[in-house]
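Engineer: Sharing a structure below in structure tokens format, with a few things to ask.
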Amino acid sequence: MYQHQWHTGEAINLPTGKIVCIGRNYAAHAQELNNPIPSQPILFIKPSICLQPFKEITLAKRLGEHHYEAELALLIGETISYGDEDVLTKIAGVGLALDLTLRDVQSELKSKGHPWERAKAYDGSCPVTSFYPLKSPTELASAEYKYWQNGALKQHGKTELMLFNIERLLTEISESFTLVPGDIVLTGTPEGVGVLNHGDELQLQYQKQAPLNARVVLKP
């Protein structure tokens, strides 16, 4: 059973909520998949069943190829509703996550004009690290993170390269639906996405913190 945790190993006293994801928030990533650059944030949701710890990442091989998308993850600590101000102060912690995608399934769904849930919202499709308390909202203006696969650096995200900054993302999300304590917001992925294979050794690093390790296990 997944439980939000601080980087110290202590459980976070917040429920497990929904995951709100942002599509195409880095221009280079949109271009690598031949997608148009959006004029406003693209939003979609993963249910809480998608969450699993970034340790031993267990996935169903029968579903097809799982593609990684490393992203900055924001843990919501206070309710954010339409019209709220100072939304950045309502973030409890910052971590990292993989927005896993069945890319072939997604491409087929998009070609038919269908929703993405079968490709994005399946069990275990959001491995997430522990969280670091947000000391100051200014930290997010120039935050960065890195993702390695089998020792090779694959993705390097910087908030200053986002098409839509974090304050705008939270504001726009709350115009459509309320964020509640325990929700997670994934803020988009930079270029360099690719396939996960059984036995892959992964690392995620936020800022200058020690890298966190995980291993991929594909099961029938």
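Numbered continuously in full-length UniProt numbering, the sequence shown closes out at residue 220.
Even for Gly, the Cβ is constructed at its ideal location relative to N, Cα and C.
This structure is a prediction, so every number in the text was calculated from the model and none was measured.
#1: Between H4 and C126, what straight-line distance do the alpha-carbon atoms span, to the nearest angstrom?
#2: What residue does the alpha helix (DSSP H) around L109 start on, and which one ends it?
#3: With distances taken Cα to Cα, identify the nearest neighbour of D200 among P190, K208, N213.
#4: Can you list, in chain order, the stretches of the beta strand (DSSP E) that have 3 or more residues and sit fully within the segment 42 to 124?
#5: Out of L153, L186, L109, state which residue places its alpha-carbon closest to the alpha-carbon of I166.
#6: Considering only their Cβ atoms, is the gap separating L204 from Y147 smaller than 7 Å?
#7: Near F44, which residues of its chain fall below 7 Å by C-beta distance, leaving aside the five closest residues on each side in sequence?
#8: In three-state terms, what does DSSP make of residue 276?
#9: Hey, how far is the Cα of S136 from the Cα of I184?
#10: If we ignore side chains and look at the alpha-carbon of each, how far apart do residue 223 and T79 end up?
#11: Can you list, in chain order, the residues of its chain whose CB lies under 8 Å from that of K61, leaving out five sequence neighbours each side?
#12: Output yes or no for whether 7 Å exceeds the beta carbon distance between A70 and V128.
#13: Can you tell which of L59, V105, L14, D99 has the C-alpha that lies nearest to the C-alpha of Y75?
#14: I need the DSSP call for R215, collapsed to helix, strand or coil.
#15: Sort out for me which residues DSSP pairs Y206 with in a bridge.
#16: Any idea what DSSP makes of I12, helix, strand or coil?
#17: Please list the terminal residues of the continuous alpha helix (DSSP H) segment that includes I166.
#18: The beta strand (DSSP E) with residue 225 in it runs from where to where?
#19: Rounding to the nearest angstrom, what Cα-Cα distance links P41 and T8 in this structure?
#20: Am I right that L96 and Y206 are in contact with their C-beta atoms under 8 Å? What's the rounded C-beta distance?
Structural biologist: Reading it off the structure:
#1: As a first step, residue 4 is located in the sequence shown; it is residue number 4 there, counting from the start. As a first step, residue 126 is located in the sequence shown; it is residue number 126 there, counting from the start. Their backbone Cα atoms lie some 13 Å apart in a straight line.
#2: Within the sequence shown, numbered from 1, the residue matching residue 109 stands at position 109. Taken as a continuous stretch (DSSP letters only), the alpha helix (DSSP H) holding L109 covers 103 to 111.
#3: As a first step, residue 200 is located in the sequence shown; it is residue number 200 there, counting from the start. When each option's Cα is compared against that of D200, the closest is N213.
#4: 42 to 46, 51 to 53, 56 to 60, 66 to 68, 70 to 76, 91 to 98
#5: Reading the sequence shown from its first residue, position 166 is the one you call residue 166. Closest option to I166, Cα to Cα, is L186.
#6: The residue labelled residue 147 in the question sits at position 147 within the sequence shown. The residue labelled residue 204 in the question sits at position 204 within the sequence shown. Yes, the pair counts as a contact, with Cβ atoms nearer than the cut-off.
#7: What you label residue 44 is simply residue 44 of the sequence shown in a count that begins at 1. Here the set comprises C21, G23, W116, K120.
#8: A question about residue 276 goes unanswered here, because the residues of the chain that appear run from 1 up to 220.
#9: To locate residue 136, count along the sequence shown from 1; it is residue 136. To locate residue 184, count along the sequence shown from 1; it is residue 184. When rounded, the distance between both Cα atoms is 18 Å.
#10: Any question about residue 223 goes unanswered here, given that the chain covers just 1 to 220.
#11: For the purposes of this step, residue 61 is taken as residue 61 along the sequence shown, with counting starting at 1. These residues qualify, in order along the chain: H198, L218, K219, P220.
#12: Stepping through the sequence shown from its first residue, residue 70 is reached at position 70. Stepping through the sequence shown from its first residue, residue 128 is reached at position 128. Not closer than 7 Å, so no.
#13: Taking the first residue of the sequence shown as 1, we reach residue 75 at position 75. It is worth fixing the name first, because residue 75 is Leu in this sequence and not Tyr. Residue L14 is the option with its Cα nearest to L75.
#14: Locating residue 215 in the sequence shown gives position 215, counting from the first residue. Residue state, collapsed to three classes: strand.
#15: Numbered from its first residue, the sequence shown carries residue 206 at position 206. Looking at the DSSP assignment, Y206 forms a beta bridge with Y145.
#16: The sequence position of residue 12 within the sequence shown is 12, counting from 1. In the structure shown, I12 sits in coil (DSSP, three-state: anything other than H, G, I, E or B).
#17: Mapped onto the sequence shown, residue 166 falls at position 166. 166 to 176 is the extent of the alpha helix (DSSP H) around I166.
#18: The structure shown does not extend to residue 225, since the chain spans only 1 to 220, so no value can be given for it.
#19: Within the sequence shown, numbered from 1, the residue matching residue 41 stands at position 41. Within the sequence shown, numbered from 1, the residue matching residue 8 stands at position 8. So the alpha carbons of these two residues sit roughly 33 Å apart.
#20: As a first step, residue 96 is located in the sequence shown; it is residue number 96 there, counting from the start. As a first step, residue 206 is located in the sequence shown; it is residue number 206 there, counting from the start. Their Cβ separation, rounded to whole angstroms, is 6 Å, which keeps L96 and Y206 in contact under 8 Å.
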